[in-house]
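*Asks:* Residue numbers (the numbering used here): 29 to 207.
Ideal Cβ positions, reconstructed from N, Cα and C, are used throughout, including at glycine.
Predicted model, so just to flag it, every value in this text is computed and none were measured.
(1) Do residue 151 and residue 131 count as a contact pair if the criterion is CB distance below 8 Å?
(2) Within the same chain, show all residues whose beta-carbon is closer than 6 Å to that of residue 32, passing over the 5 residues directly before and after it, in chain order.
(3) Taking the C-alpha atoms as reference points, what is the distance between residue 69 and residue 193?
(4) Report yes or no: do three or more beta-carbon pairs, one from the stretch 71–84 and one from the stretch 156–163, lie closer than 8 Å?
(5) Just to confirm the assignment, what range does the alpha helix (DSSP H) spanning residue 148 have?
(6) On the three-state DSSP scale, how would you describe residue 198?
(7) Could you tell me the alpha carbon to alpha carbon distance between residue 182 and residue 94, rounded to whole angstroms?
(8) By a C-beta neighbour count over all protein chains shown, 10 Å radius and 16 as the cutoff for buried, is residue 44 buried or exposed?
(9) If you measure between the beta carbons of residue 98 and residue 154, is that distance less than 8 Å?
(10) Excluding the 5 residues flanking residue 221 on each side, which residues of the same chain have their C-beta closer than 7 Å to its C-beta?
(11) Taking the straight line between their C-alpha atoms, what separation do you get for residue 129 and residue 123?
(12) Leaving out five residues before and five after residue 202 in sequence, what residues of the same chain have Cβ atoms less than 8 Å from its Cβ?
(13) If contacts are defined as beta-carbon pairs under 8 Å, then residue 76 and residue 107 qualify, I think. What distance do you get, rounded to the angstrom?
(14) Please name the residue, chosen from 62, 91 and 141, that lies closest to residue 35 on a Cα-to-Cα basis.
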């Protein structure tokens, strides 16, 4: 998979200090990763790169919305997402990304590609259980919800439950009240 050019930062020409980068992420970005869970994507990524003499500190902040399908009703809705991530880029003998917060790149590297970090930040910001806000507050009118309500097991009335109690238990309960 060839890296996307717009997410490659050539840091060798940057002065020591803080630098700001902004990206607008939309659906074609996820098509590149062949990720098809989102119907639509509108996410802003703010990246602050702090270049120091021996390392780079990257602070990612994402905000926006992804349009996904509800797990209960399969109705599409916009899920607001926010996430933040700090990455330290150090220089070493060989490439190493085993630690999630530290990336080691070989000496002589002059650019870094951040597309994978942005992809993971957005995907991990989406809740595991995706429930339409209308399901939670009861305002969504959906055929699927009506069918689920129709097929759900009905709770018996409390008096029916009391009638089904074995009469021997009632005798034992008298022992507690007869003191």
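*Replies:* Per the coordinate set shown:
(1) No; because the gap between Cβ atoms is not below 8 Å, this pair is not in contact.
(2) If we look at residue 32 and ignore the five residues flanking it on each side, its Cβ neighbours are 143.
(3) Taking the straight line from one Cα to the other gives about 56 Å.
(4) By the Cβ criterion, the stretch 71–84 is not in contact with the stretch 156–163, since fewer than three pairs of Cβ atoms, one from each stretch, lie closer than 8 Å.
(5) Taken as a continuous stretch (DSSP letters only), the alpha helix (DSSP H) holding residue 148 covers 143–153.
(6) Helix at residue 198.
(7) Cα to Cα, the separation comes out at about 36 Å.
(8) It is exposed - the Cβ of residue 44 has fewer than 16 other Cβ atoms within 10 Å.
(9) Their beta carbons are not under 8 Å apart, which means residue 98 does not touch residue 154 by this criterion.
(10) Past the boundaries of the shown model lies residue 221; the chain is included only from 29 to 207, so the question cannot be answered.
(11) Just so you know, the alpha carbons of residue 129 and residue 123 end up roughly 14 Å apart.
(12) Contacts found: none.
(13) Contact check for residue 76 and residue 107: beta-carbon distance about 25 Å, past the 8 Å limit, so the pair fails to qualify.
(14) Minimum Cα distance to residue 35 is reached at 141.
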